[in-house]
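When you number the sequence shown by the numbering used here, it's gap-free, plus one each residue, and the end is 335. Just so it is clear, CB atoms sit at the ideal spot from N, CA and C, and this is done for glycine as well. Notes follow the structure.
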Amino acid sequence: MIGSRVERLLDLAGLRAIHVTTSGDFLTENTKTALMTEQSSDWFRWPLFAHRRASGLALSGHRQALVIAGMHRSGTSVLAGALGKLGAALPSTLMPASDSNEDGHFESVLIHRLNDKILADLGLSWASIGAIDPAVFDSFEAKVWVADICEVIQREFGDASLICVKDPRICRLMPLWLKAFEECSIAPKIIVPVRNPLEVAASLKQRDGLLHGHAMILWLRHLLEAVRHTDGLPGVYLSNAQLISDWRGTLRGMSKSLDLKLGAIDPKIKVELDEFVKFNRKHHAFSDVA
């Protein structure tokens with residue numbers, strides 16, 4: 046199952062020339078070498094919208110979490126902001142706006158700090174491209190981290206029935222978060238925002254000074270781990286380009302696929318979303334669609 050999902054994601058991205066294994070660490074040296082080249086723009090052509098179907102493994106719970114499992118600089122903030130305007134509960138301790146996200150990150154400061162701490166405990170940072178030993182997620186330390194995540198969820202969202210959880214680091218730590226959702230009786234629905242990796246690399250170079258090859262590998266690491274660890278859960282792949290160009294149609298399709306009951310959109314909210322999405326128009330644009 047996971048092999049077919051990874052292959053489908055790569056196929057949708059036009060990554061047919063790259064061989065990726067699904068046993069052990071799936072980022073082989075051939076994959077890394079291929080991503081290091083700057084002559085790869087023809088590989089990355091995304092569909093407007095794609096539906097990931099569940100396979101009976103969805104966690105149960107009367108509460109739901111919209112989990113935005115996307116790479117840094119992939120439109121996760123604009124998506125979280127839009128979902129917040131449509132009724133999903135955002136965290137109570139929001140990260141302030143910055144030069145790189147002038148309209149806000151719509152991300153929890155507490156979740157951000159906790160995920161950074163967990164990565165640091167593993168000897169990693171948000172920009173690390175190394176694999177995480179799967180055994181870590183079944184360790185004693187993992188039980189502590191899961192308890193910490195549960196505590197943060199309660200502090201940030203209270204008893205809200207539909208919450209929006211967003212931090213790109215979750216892609217790498219997804220097994221811990223899924224265990225926490227299960228303990229909290231929250232059913233996760235996974236949204237994987239996808240942005241052309243050449244755009245992501247350009248944005249990360251400007252913001253953080255990351256080299257092109259490093260950023261490209263980091264992009265693939267985040268997306269494949271998000272897909273690998275959420276196999277069988279209900280979710281969607283969502284094109285950032287389509288969200289920016291047609292937020293109404295994109296979010297309508299997403300809501301239908303995830304069986305969300307967001308209700309009718311107030312005309313005032315529509316105007317706010319039009320302005321919000323317009324303000325967040327992406328930069329470093331490359332063609333996404335063939």
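Exposed unless 16 or more other CB atoms sit within 10 angstroms - verdict on residue i
{"i": "residue 306", "result": "exposed"}
{"i": "residue 311", "result": "exposed"}
{"i": "residue 102", "result": "With a pLDDT of only 40 at residue 102, under the threshold of 50, the placement of this residue in the model should not be trusted; the figure read from the coordinates follows. Exposed."}
{"i": "residue 256", "result": "exposed"}
{"i": "residue 168", "result": "exposed"}
{"i": "residue 234", "result": "buried"}
{"i": "residue 323", "result": "exposed"}
{"i": "residue 179", "result": "exposed"}
Assigned secondary structure, residue i (DSSP; H/G/I helix, E/B strand, else coil)
{"i": "residue 176", "result": "coil"}
{"i": "residue 81", "result": "Only weak support exists for where residue 81 lies, its pLDDT of 45 falling under 50; the value from the coordinates is given anyway. Residue 81 falls in the helix class under three-state DSSP."}
{"i": "residue 286", "result": "helix"}
{"i": "residue 337", "result": "What the structure shows of the chain is the stretch from 46 to 335, and residue 337 is not part of that stretch, so it cannot be assessed."}
{"i": "residue 303", "result": "coil"}
{"i": "residue 122", "result": "helix"}
{"i": "residue 231", "result": "strand"}
{"i": "residue 207", "result": "strand"}
{"i": "residue 240", "result": "coil"}
{"i": "residue 93", "result": "With a pLDDT of only 34 at residue 93, under 50, the local geometry of the prediction cannot be trusted, and the value read off the model is given with reservation. Three-state DSSP puts residue 93 in coil, outside helix and strand."}
{"i": "residue 132", "result": "coil"}
{"i": "residue 110", "result": "strand"}
{"i": "residue 139", "result": "strand"}
{"i": "residue 103", "result": "Note that residue 103 has pLDDT 47, beneath the 50 cutoff, so the model's placement of it is unreliable and the number below is only indicative. Here residue 103 sits in coil by DSSP."}
{"i": "residue 153", "result": "strand"}
{"i": "residue 168", "result": "coil"}
Cβ pair residue i, residue j closer than 8 Å
{"i": "residue 154", "j": "residue 138", "result": "yes"}
{"i": "residue 177", "j": "residue 217", "result": "yes"}
{"i": "residue 300", "j": "residue 239", "result": "no"}
{"i": "residue 123", "j": "residue 268", "result": "no"}
{"i": "residue 321", "j": "residue 127", "result": "yes"}
{"i": "residue 214", "j": "residue 166", "result": "no"}
{"i": "residue 174", "j": "residue 263", "result": "yes"}
Closest Cα partner of residue i within the set the options
{"i": "residue 203", "options": "279, 169, 133, 323", "result": "133"}
{"i": "residue 198", "options": "276, 256, 271, 109", "result": "109"}
{"i": "residue 303", "options": "321, 259, 272, 236", "result": "236"}
{"i": "residue 224", "options": "297, 195, 315, 256", "result": "195"}
{"i": "residue 209", "options": "191, 232, 228", "result": "232"}
{"i": "residue 227", "options": "278, 264, 244, 167", "result": "278"}
{"i": "residue 31", "options": "221, 229, 188, 193", "result": "No answer is possible for residue 31: it lies beyond the span of the chain, which begins at 46 and ends at 335."}
{"i": "residue 296", "options": "241, 276, 319", "result": "319"}
{"i": "residue 244", "options": "213, 286, 125, 191", "result": "286"}
{"i": "residue 164", "options": "248, 186, 151", "result": "186"}
{"i": "residue 184", "options": "221, 156, 205", "result": "221"}
{"i": "residue 242", "options": "172, 254, 265, 200", "result": "265"}
{"i": "residue 252", "options": "152, 135, 136, 172", "result": "172"}
Straight-line gap, residue i to residue j (C-alpha atoms, nearest Å)
{"i": "residue 114", "j": "residue 293", "result": "21 Å"}
{"i": "residue 158", "j": "residue 273", "result": "24 Å"}
{"i": "residue 290", "j": "residue 219", "result": "29 Å"}
{"i": "residue 247", "j": "residue 188", "result": "37 Å"}
{"i": "residue 107", "j": "residue 212", "result": "23 Å"}
{"i": "residue 260", "j": "residue 129", "result": "29 Å"}
{"i": "residue 250", "j": "residue 280", "result": "30 Å"}
{"i": "residue 315", "j": "residue 270", "result": "34 Å"}
{"i": "residue 191", "j": "residue 182", "result": "10 Å"}
{"i": "residue 141", "j": "residue 205", "result": "22 Å"}
{"i": "residue 121", "j": "residue 135", "result": "13 Å"}
{"i": "residue 200", "j": "residue 131", "result": "22 Å"}
{"i": "residue 152", "j": "residue 116", "result": "14 Å"}
{"i": "residue 254", "j": "residue 282", "result": "28 Å"}
{"i": "residue 386", "j": "residue 313", "result": "Residue 386 lies beyond the range of the chain shown here (46 to 335); nothing can be said about it."}
{"i": "residue 77", "j": "residue 170", "result": "In this prediction, residue 77 has a pLDDT of 49, which is less than 50 and means its spatial position is unreliable; nothing more can be read from the coordinates."}
{"i": "residue 298", "j": "residue 258", "result": "34 Å"}
{"i": "residue 276", "j": "residue 317", "result": "35 Å"}
Min CB distance residue i to chain C below 8 Å
{"i": "residue 181", "result": "The chain inventory of the structure shown lacks chain C, comprising one protein chain alone."}
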